[in-house]
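K.L.:
In our numbering, the protein residues as written are 430 to 819.
All residues carry an ideal CB built from backbone N, CA and C; glycine is no exception.
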């Protein structure tokens, strides 16, 4: 019996990396190139693109608690994950058939609502498996970054040489492959994160340092995530090809891994606020350089800077949110931190970026990102001062 359990654990240990590779391959195939598709193939205006690209984070904020409640109630996260994969793949295929702004909006909302369950449920299952059977979650999650980077390169080349609509086919096929693989995932009963309560929010928001972190998160991560929607447009405006966009995202995503791996050691040496300040200052320099119509080669070279800024900011801010919160509400703190930065901040910056792009072209978008991040640096300086005097 014990030998059979070990063999099954070994099989699942191999399944998880491939599963993460496939779901993030799907995301990398579609989302980095979607804004360019909407501009070139659908012929939508900058404001229309901004509205569409701003919908996923706001829909995610509303949908994720519902998926979490469903997982808590049914105690069947693998089955819900399978459902989410299938429905998302279907909406991805239907996206390729859309021909009007209203249809794009409707499908974006539906796709985002289904897709929002995939990563949280996958992470919940993987973390439970690691705790029960041993292993390293970071080593599993790394395959997601590899899949994303591979997708933007391969699908970018295919979009250039075959047809742009291939981004939707690759997205759906990769998710269907992940759906088939989901049958091999362990079916442990577990709970996904539930919805926030008003009492939890009030308790967290009474912590002054946490309030400042939320403001900084909004200002720093809003531009970082909105950049995923506009970076392809920047390269396209500067004369880059779809294959070039794929290479740029490959270098950017690939450069994050070593910094994420080193984040814990650097936090111990320099502290969380200093590390966040460093990441924010690097982002300011990057956004400002993109705002002044740089040569295309410069954009390609500076993609590796994303590793230092994003690769350090994401794990550091997450751990800082947990540290600032009272122990009983740490899970709520992480959920609120994610909602403000990944949801509200990304929605706001993507939406404003669309209007700026339509009126003043792509340079104005990155100037706006720069201003947001500079204000975020000032908030982090206030947070650092508060820590020194505490």
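Alpha carbon to alpha carbon, what distance is there between residue 701 and residue 543?
P.N.:
So the two alpha carbons sit approximately 34 Å from each other.
K.L.:
Sorry if obvious, but does the Cβ on residue 506 come closer than 6 Å to a heavy atom of the ligand PLP?
P.N.:
Here there are no bound small molecules, and the ligand PLP is not part of this structure.
K.L.:
Is the distance from the Cβ of residue 545 to the Cβ of residue 493 below 7 Å?
P.N.:
Their beta carbons are under 7 Å apart, which means residue 545 touches residue 493 by this criterion.
K.L.:
Compute the Euclidean distance between the alpha carbons of residue 474 and residue 809, then round it to the nearest angstrom.
P.N.:
Cα to Cα, the separation comes out at about 36 Å.
K.L.:
In three-state terms, what does DSSP make of residue 669?
P.N.:
In the structure shown, residue 669 sits in coil (DSSP, three-state: anything other than H, G, I, E or B).
K.L.:
In angstroms, rounded to a whole number, what distance separates the CA positions of residue 676 and residue 661?
P.N.:
The straight-line gap from Cα to Cα measures roughly 11 Å.
K.L.:
Keeping to the same chain, check which residues put their C-beta closer than 6 Å to that of residue 817; ignore five residues upstream and five downstream.
P.N.:
Nothing listed; no residue qualifies.
K.L.:
Under the three-state reduction of DSSP, which class applies to residue 675: helix, strand or coil?
P.N.:
Looking at residue 675 - three-state DSSP - the assignment turns out to be helix.
K.L.:
Quick one: is residue 728 buried, meaning 16 or more other Cβ sit within 10 Å of its Cβ, or exposed?
P.N.:
Residue 728 should be labelled buried.
K.L.:
Would residue 466 and residue 593 be called neighbours here (beta carbons separated by less than 7 Å)?
P.N.:
Yes. Within cutoff.
K.L.:
Identify whether residue 787 lies in helix, strand or coil by the three-state DSSP scheme.
P.N.:
It is helical.
K.L.:
Please go through the stretch 503–550 and give each complete beta strand (DSSP E) segment of 3 or more residues, from N-terminal end onward.
P.N.:
The stretch 503–550 contains no whole beta strand (DSSP E) run of 3 or more residues.
K.L.:
Among 803, 801, 682 and 583, which residue has its Cα nearest to the Cα of residue 739?
P.N.:
Checking every option, the nearest Cα to that of residue 739 belongs to 682.
K.L.:
Taking a contact to mean a Cβ-Cβ separation below 7 Å, would you say residue 812 touches residue 636 in this structure?
P.N.:
No; because the gap between Cβ atoms is not below 7 Å, this pair is not in contact.
K.L.:
Return the chain-ordered list of same chain residues with a C-beta closer than 8 Å to the C-beta of residue 642, the five sequence neighbours on each side being excluded.
P.N.:
Result list for residue 642: 746, 749, 750, 753, 766 and 812, in chain order.
K.L.:
Among 590, 571 and 719, whose alpha-carbon lies nearest the alpha-carbon of residue 666?
P.N.:
Minimum Cα distance to residue 666 is reached at 719.
K.L.:
Can you tell me the Cα-Cα spacing of residue 605 and residue 807, whole angstroms?
P.N.:
If you take the alpha carbons of residue 605 and residue 807, they lie about 45 Å apart.
K.L.:
Less than 7 Å between the C-beta atoms of residue 524 and residue 597, yes or no?
P.N.:
Taking 7 Å as the Cβ cut-off, residue 524 and residue 597 qualify as a contacting pair.
K.L.:
When you compare only the Cα positions, how much space is there between residue 583 and residue 671?
P.N.:
Straight-line Cα distance between these residues: approximately 10 Å.
K.L.:
Should residue 537 and residue 484 be called a contact, given that it needs their Cβ atoms to be closer than 7 Å?
P.N.:
Yes, the Cβ-Cβ distance between residue 537 and residue 484 is below 7 Å.
K.L.:
Short check: CB of residue 540 to CB of residue 520, under 7 Å?
P.N.:
In contact: residue 540 and residue 520 (Cβ atoms closer than 7 Å).
K.L.:
Please report how far the alpha carbon of residue 548 lies from the alpha carbon of residue 691, in whole angstroms.
P.N.:
Rounded to whole angstroms, residue 548 to residue 691 spans 23 Å at the Cα level.
K.L.:
In the structure shown, what three-state DSSP assignment does residue 685 receive?
P.N.:
Residue 685: helix per DSSP, three-state reduction.
K.L.:
Pull up the CB-CB distance for residue 705 and residue 655, whole angstroms please, since I reckon it's below 8 Å.
P.N.:
Actually they do not touch by this definition, with Cβ atoms about 19 Å apart.
K.L.:
For the alpha helix (DSSP H) holding residue 736, just list the boundary residues, first then last.
P.N.:
Segment 734–753, the alpha helix (DSSP H) holding residue 736.
K.L.:
Can you grab the Cα-Cα spacing for the pair residue 507 / residue 595, in whole Å?
P.N.:
C-alpha separation (whole angstroms): 28 Å.
K.L.:
With a CB to CB cut of under 6 Å and the five nearest residues on each side skipped, what residues in its chain are close to residue 490?
P.N.:
768 and 772.
K.L.:
Are the beta-carbon atoms of residue 721 and residue 799 separated by less than 7 Å?
P.N.:
Going by C-beta atoms, residue 721 is not nearer than 7 Å to residue 799.
K.L.:
What residues in its chain sit with their C-beta under 8 Å from that of residue 668, if we drop five residues either side in the sequence?
P.N.:
So the qualifying residues of the chain are 725.
K.L.:
Going along the chain, which residues of its own chain have a beta-carbon closer than 6 Å to the beta-carbon of residue 601, five neighbours each way excluded?
P.N.:
Excluding positions up to five away in sequence, the list reads 518, 521 and 522.
K.L.:
Rounding to the nearest angstrom, what Cα-Cα distance links residue 790 and residue 571 in this structure?
P.N.:
Distance between the alpha carbons of residue 790 and residue 571 is about 35 Å.
K.L.:
Just to confirm the assignment, what range does the alpha helix (DSSP H) spanning residue 707 have?
P.N.:
701–720 is the extent of the alpha helix (DSSP H) around residue 707.
K.L.:
Tell whether a beta-carbon distance below 7 Å holds between residue 503 and residue 611.
P.N.:
Contact: no.
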